[in-house]
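Residue 191 is where the sequence shown starts when you use my numbering, and the numbers rise one by one after that.
Glycine included, every Cβ here is placed at the ideal spot set by N, Cα and C.
From a predicted model like this one, the values you see are computed outputs, not experimental measurements.
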Amino acid sequence: MSEIFTKKVWFSNVKNDLLSGTVVALALIPEAIAFSIIAGVDPQVGLYASFFIATITAFIGGRPGMISAATGGMALLMTTLVKDHGLQYLLATTVLTGILQIIWGWIKLGTQIRFVPRGVMIGFVNALAILIFNAQLPQFEGATWVVYGMVVVGLGIIYGLPRLTTVVPSPLVAIIILTIVSLVTGVQVPTVGDMGDLPTTFPTFLLPEIPLNFETLQIILPYALPLSLVGLLQSCLTANVIDDLTDTSSNKNQEVIAQGTANIVTGFFGGMAGSAMIGQSVINIRSGGRARLSTLSAGIFLLIFILVFENWVARIPMAALVAVMIMVSISTFSWNSIRNIRKFPKNETTVMITTVLITVITRNLAMGVIIGVAMSAIFFSRKIAALIFVDSLLKENGTERVYSVNGQIFFVSIDNFLSAFDFREKVQKVTIDLTHAHLWDHSAVDAVDKVVLRFRKRDVQVDLIGLNQASATLLERLAVHDKPDALEQMANH
191 MSEIFTKKVW
201 FSNVKNDLLS
211 GTVVALALIP
221 EAIAFSIIAG
231 VDPQVGLYAS
241 FFIATITAFI
251 GGRPGMISAA
261 TGGMALLMTT
271 LVKDHGLQYL
281 LATTVLTGIL
291 QIIWGWIKLG
301 TQIRFVPRGV
311 MIGFVNALAI
321 LIFNAQLPQF
331 EGATWVVYGM
341 VVVGLGIIYG
351 LPRLTTVVPS
361 PLVAIIILTI
371 VSLVTGVQVP
381 TVGDMGDLPT
391 TFPTFLLPEI
401 PLNFETLQII
411 LPYALPLSLV
421 GLLQSCLTAN
431 VIDDLTDTSS
441 NKNQEVIAQG
451 TANIVTGFFG
461 GMAGSAMIGQ
471 SVINIRSGGR
481 ARLSTLSAGI
491 FLLIFILVFE
501 NWVARIPMAA
511 LVAVMIMVSI
521 STFSWNSIRN
531 IRKFPKNETT
541 VMITTVLITV
551 ITRNLAMGVI
561 IGVAMSAIFF
571 SRKIAALIFV
581 DSLLKENGTE
591 RVYSVNGQIF
601 FVSIDNFLSA
611 FDFREKVQKV
621 TIDLTHAHLW
631 DHSAVDAVDK
641 VVLRFRKRDV
651 QVDLIGLNQA
661 SATLLERLAV
671 HDKPDALEQM
681 ANH
């Protein structure tokens, strides 16, 4: 924890961190409002949440430079709760979500993100890029040519200015120039103010007005549990992306605990649960943000903009922010995954495409990742199952056969294992050498039982040799072939 408060992680990049934080804060406002609308609550709920989550994770998070706030993936899971039970139950759910996330961090669940395969990671990133782009399309519905022109000019500034200078983040320059043009010319274009009313007062501490009983827990737990897991997934996967972009490492478990702490505080100040935002995090990194100061400044500037400069912020044309988010979408997408698609293994490509499709169709990041991981596990199991070999040798006396097993025996490979034995061969003794094999589960033990008993039914003596200690222990605990009523027990399996 001591490294969290060192000068290096706070003040090593002050100018760029403050400027990038400004860009992120401006981009957060319309998104927080939009996510509030998705959840079915007042815009201030998402805005307050974004302030508290960004500020708290800046101090105790495990990934400097990452931006956390109210997110669309979390908002989608709240809609039914808000519709059926109202805001107060949402606030209570937010607090419980935070408590669960702290538990996940304590048991080091964040570390398990290393089991997410590369194909799923690429699919996750590409799906997010598509969702970010799709989220901008409503801004073009019924829009005039002026809106399209502003977006094009904004993208021109964002991509063109860095060729001349990188003193100021180009997205911030694009927002300022397009806002000035809009105010000077007086053109009628959608603005941030059109998205919803900005709050005018500082958030105040409040306890959710709900009965503290088991019935309330039955209502909020089914929502808090998936929210806590989706938040964990989004935050840890986003941390991985930022790790790659900055060539640095992060503490996933510390980040999960920080997210949980932030959500608890947010729930007591009228905010909704949130998590890491890959879009805003990429904006921060691309704009030069690196240290914790960038995340803190994003949260502080967000609050200043909506409370002090409300009238000015409300006049920012949405076209300027759309241009920024399109840049984020383009830079987030892994274009190498398309250019090199023929070079990747087919299984990995299938997993990547499936993850993208599931995530985009359901708009549920957790669903896409879970299905992607499950598919990867299935493909991996099939590969390992195919790597089991059974060689056999008939001894010179013609009455004994030795089967030498090589590979991993578990629920996927047992069919290949069983098919290697010739139960009709007329021999007096069979020796099964498991020196180069390993039994992993009950299915493997069951398969050994079947082999032994099938031979014994034909009056063939069976010897098992070469078992390693782990396999021998598992066999001793679960096997039935040496028990008096072995055949009956096998019939009941």
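Could you give the C-beta distance for residue i and residue j, rounded to a whole number, given that I count them as a contact under 8 Å?
i	j	result
S519	A466	Actually they do not touch by this definition, with Cβ atoms about 17 Å apart.
I468	T428	5 Å
L397	F458	7 Å
V379	P507	5 Å
E244	A488	Inspection of the sequence shows that residue 244 is occupied by Ala rather than by Glu. Right, their Cβ atoms sit about 5 Å apart.
V550	L321	6 Å
L643	V635	Actually they are not in contact, since the Cβ atoms of L643 and V635 sit about 12 Å apart, beyond 8 Å.
M557	I548	6 Å
V503	V382	6 Å
L511	P220	6 Å
R591	S582	6 Å
T247	A452	5 Å
A259	A229	With a Cβ gap of about 13 Å, A259 and A229 do not count as contacting.
V235	M462	5 Å
Quick check on the DSSP output: the beta strand (DSSP E) that includes residue i runs from which residue to which?
i	result
H671	Element bounds for H671: n/a, residue is neither H nor E.
With a threshold of 16 other CB atoms inside 10 Å of the CB of residue i, please say whether the residue is buried or exposed.
i	result
N203	buried
K442	buried
P254	buried
S609	exposed
F330	exposed
N206	buried
H626	exposed
T287	buried
S192	At S192 the pLDDT is 49, less than 50, meaning the model places this residue with poor confidence; the figure from the coordinates comes in the next sentence. When all chains shown are included, S192 counts as exposed.
Q470	buried
G562	buried
W296	exposed
N474	buried
R439	Sequence inspection shows Ser at residue 439; the Arg mentioned does not correspond to that position. Classification for S439: exposed.
T394	exposed
E538	buried
D605	exposed
E586	exposed
D437	exposed
F314	buried
Q618	exposed
G376	exposed
Could you check where the alpha helix (DSSP H) with residue i kicks off and where it finishes?
i	result
A448	K442 to F458
D437	Unbroken run through D437: none, as it is neither H nor E.
S609	I604 to S609
A317	R308 to N324
K197	K197 to F201
M268	Where M268 is concerned, there is no enclosing alpha helix (DSSP H), given that its DSSP letter is neither H nor E.
A217	V204 to A229
V642	H632 to K647
F570	L555 to A575
E538	K536 to T552
N704	Examination of residue 704 is not possible in this model, given that the chain is present from 191 through 683 alone.
S487	R482 to L497
S527	N526 to R529
In the DSSP assignment, what residue or residues form a beta bridge with residue i?
i	result
Y593	S582 and I622
P507	T381
A627	G597
Q291	According to DSSP, Q291 bridges with nothing at all.
D653	T621
A466	S258
Complete beta strand (DSSP E) runs within the stretch 239–265 (minimum length 3 residues, chain order): none
Length at least 4, wholly inside the stretch 348–406: the alpha helix (DSSP H) runs in chain order: Counting whole runs of 4 or more residues, the stretch 348–406 contains the alpha helix (DSSP H) stretches 360–375.
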